[in-house]
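Here's the structure, in structure tokens; my notes come after.
In structure tokens:
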């Protein structure tokens, strides 16, 4: 958990440094270019004003032209005065100041957002404070504080959300001031089903106990501060005052992709923490006793949740799919399993941020040369910049693969899981290499690739990254199998994380101190071979397949396509054409963004429309589908308006272009909604009728009547809900 948070923070810091270097004003750039053009001529003229030395006199007697000798040290002050009189004043070098300012905005902004987050949540949701000694329902607050004492955590306050009618609870807060928010439906749950109330509250207390609440809120606050910094850089790039507007604009889109990947990685972490909180909520489960009763209550709650809304299990969701959640509830070892999606995100974040930092080696060299700790080089490359990102990524991979090996044992299913992890890591590494922008100073990207460990073996990028992914997963899996047999359950994840750090450090041998790369590589290979020699085949311990969800009542999906037959095919064709165009526009934004701000807004709006439309087709329920469709229409409207304003400044007549553009946008919006509703209805087709009941290893108890919710997830109120 903490290794993931460290990887997020270092990646955001690397992105902030990458923004700071090209963020120069046009005045500074023009002044620097003028000084560079003037300096050689002025220096030559100053040399000609100096008296002829004896060496120059002898050369002059032999040839009519002679090269002037270097300026003596005693003539240095005179040279400075001469350059100051005949050349414009050079701009002050402020790279380190801009880097410090960017990191300061990121750190201070993240800290402020982290500490103000709970107060904003209380004000925004209009929460009411519940107290054990007075106020509304003192028994409710007293029950939460009692459960917190039993769980060994400190809760500062209990709050009631009167506008949320679901049976839901949310833990929030910052360091040493944690709070629990109860939806109004939890009051009825407390009166009619105290067992389910207890297990839902214990789930939220599990977030506090595991410290993932602090990590989640801290990383989210830092990510939001980075979005503000990125928005400022984007506005500066299109304002016309930037010295490197084209590169800064293109870099902003690549950093926006990095922010999106970090957001997906954060959501993957949120999914895993939900599984650990579920395990804490039913801690102590056995054949008989209160723990087994908690497990049954939580499983019945999940079944009720499936009846109220369909869990899509998308990788970008903040909560895991319900089949995975129920499977982890039956087999707690599955809670820490590393998925292929998480491995891909880890590899993509690490290599993308590494390539961004290595591309700034020239600017870092200039800053270090002025500060006195780096030497001048024509084509500098500093692989040691990769270590702050590779080390936490290795810890994440090592600990995650160890949990996967523990969950699936030594059975036949383990090689398949490891193959998926290797494939996911390979895809992430390839994406991290492909998304790197071209550098402002014309740095050679091949030099960065040649610094990886596989460059002496093969010159092919794809084969080299495949070797990196496969051998890393294999070495970590072998070490995890041996580590479980030797170390205890608490020490094994730490040793696996430490070995993962060594494995990823060998990806860039040039990043290690001089002469240590062969020894580190030898240690990694030796440990893997030694562990492989002592690992014994263990009997299969693969968990059983998750039981299919059996909703207790039919769920009606109102969002279905209103067109059928040829008209539906036409809508799909229009949407497919727009999607292809949006993909091409997105590729152009990454390679060569438009110079005009209106053209940039039009292109970004079209890409946003397609992305949000895809999210609407993947929505878990009707209210979310309608909300995302509205966002898609807003994005398309912004794109159309910007394109119309751009057309007014060109040769196309304004009124004709507006009518044509508006008609086309309306047709695209209608076709997109029809296509999205068709995909949405197809995804939820199995929930339109009550399926036949299937046996489960947990007896499903019908929950009390009333709205249903999910612990840790605050559903939005849909149309038709009243007090």
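Residue numbers (this note's numbering): 67 to 789.
Virtual Cβ for every residue (Gly too), placed ideally from N, Cα, C.
Values in this document were obtained by computation on a predicted structure and should not be read as measured data.
Residue nearest to residue i in terms of C-alpha spacing, selected from the options
| i | options | result |
| --- | --- | --- |
| residue 169 | 292, 693 and 595 | 292 |
| residue 737 | 460, 500 and 698 | 698 |
| residue 685 | 547, 383 and 561 | 383 |
| residue 160 | 95, 468 and 397 | 95 |
| residue 663 | 440, 80 and 710 | 710 |
| residue 267 | 281, 638, 224 and 496 | 224 |
| residue 79 | 422, 589 and 281 | 422 |
| residue 730 | 199, 643 and 108 | 643 |
| residue 641 | 596, 583, 588 and 702 | 702 |
| residue 397 | 361, 424, 409 and 427 | 361 |
| residue 741 | 630, 671 and 195 | 630 |
| residue 674 | 735, 657 and 726 | 735 |
| residue 243 | 279, 747, 532 and 556 | 279 |
| residue 369 | 358, 359 and 389 | 389 |
| residue 194 | 249, 153, 282 and 211 | 249 |
| residue 282 | 363, 295, 364 and 176 | 176 |
Exposed unless 16 or more other CB atoms sit within 10 angstroms - verdict on residue i
| i | result |
| --- | --- |
| residue 73 | buried |
| residue 299 | buried |
| residue 591 | exposed |
| residue 140 | exposed |
| residue 706 | buried |
| residue 646 | exposed |
| residue 93 | exposed |
| residue 163 | exposed |
| residue 385 | buried |
| residue 620 | Note that residue 620 scores a pLDDT of 40, beneath 50, so its modelled location is shaky and nothing firm can be said. |
| residue 77 | buried |
| residue 340 | buried |
| residue 222 | exposed |
| residue 574 | buried |
| residue 287 | buried |
| residue 305 | exposed |
Residue i - DSSP class collapsed to helix/strand/coil
| i | result |
| --- | --- |
| residue 240 | strand |
| residue 225 | strand |
| residue 286 | helix |
| residue 177 | helix |
| residue 246 | strand |
| residue 312 | helix |
| residue 217 | helix |
| residue 633 | helix |
| residue 150 | helix |
| residue 331 | helix |
| residue 501 | coil |
| residue 447 | coil |
Spatial distance of residue i from residue j (CA atoms)
| i | j | result |
| --- | --- | --- |
| residue 207 | residue 220 | 13 Å |
| residue 432 | residue 668 | 38 Å |
| residue 571 | residue 456 | 6 Å |
| residue 75 | residue 325 | 12 Å |
| residue 270 | residue 678 | 31 Å |
| residue 227 | residue 254 | 13 Å |
| residue 458 | residue 441 | 29 Å |
| residue 495 | residue 692 | 36 Å |
| residue 569 | residue 547 | 16 Å |
| residue 261 | residue 345 | 16 Å |
| residue 319 | residue 659 | 9 Å |
| residue 251 | residue 209 | 16 Å |
| residue 189 | residue 636 | 48 Å |
| residue 233 | residue 690 | 19 Å |
| residue 67 | residue 410 | 17 Å |
| residue 100 | residue 151 | 14 Å |
| residue 311 | residue 143 | 37 Å |
| residue 217 | residue 245 | 14 Å |
| residue 824 | residue 672 | Outside the displayed range of the chain (67 to 789) lies residue 824, so it cannot be described from this structure. |
| residue 564 | residue 479 | 26 Å |
Nearest-angstrom beta carbon gap, residue j and residue i [assumed within contact, 8 Å]
| i | j | result |
| --- | --- | --- |
| residue 343 | residue 272 | 4 Å |
| residue 314 | residue 331 | Residue 314 to residue 331, Cβ: 25 Å. No contact. |
| residue 84 | residue 417 | Wrong, their Cβ atoms sit about 14 Å apart, outside the cutoff. |
| residue 69 | residue 465 | 7 Å |
| residue 407 | residue 334 | 6 Å |
| residue 449 | residue 577 | 4 Å |
| residue 309 | residue 649 | Not a contact, Cβ separation roughly 32 Å. |
| residue 473 | residue 400 | 5 Å |
| residue 181 | residue 240 | 6 Å |
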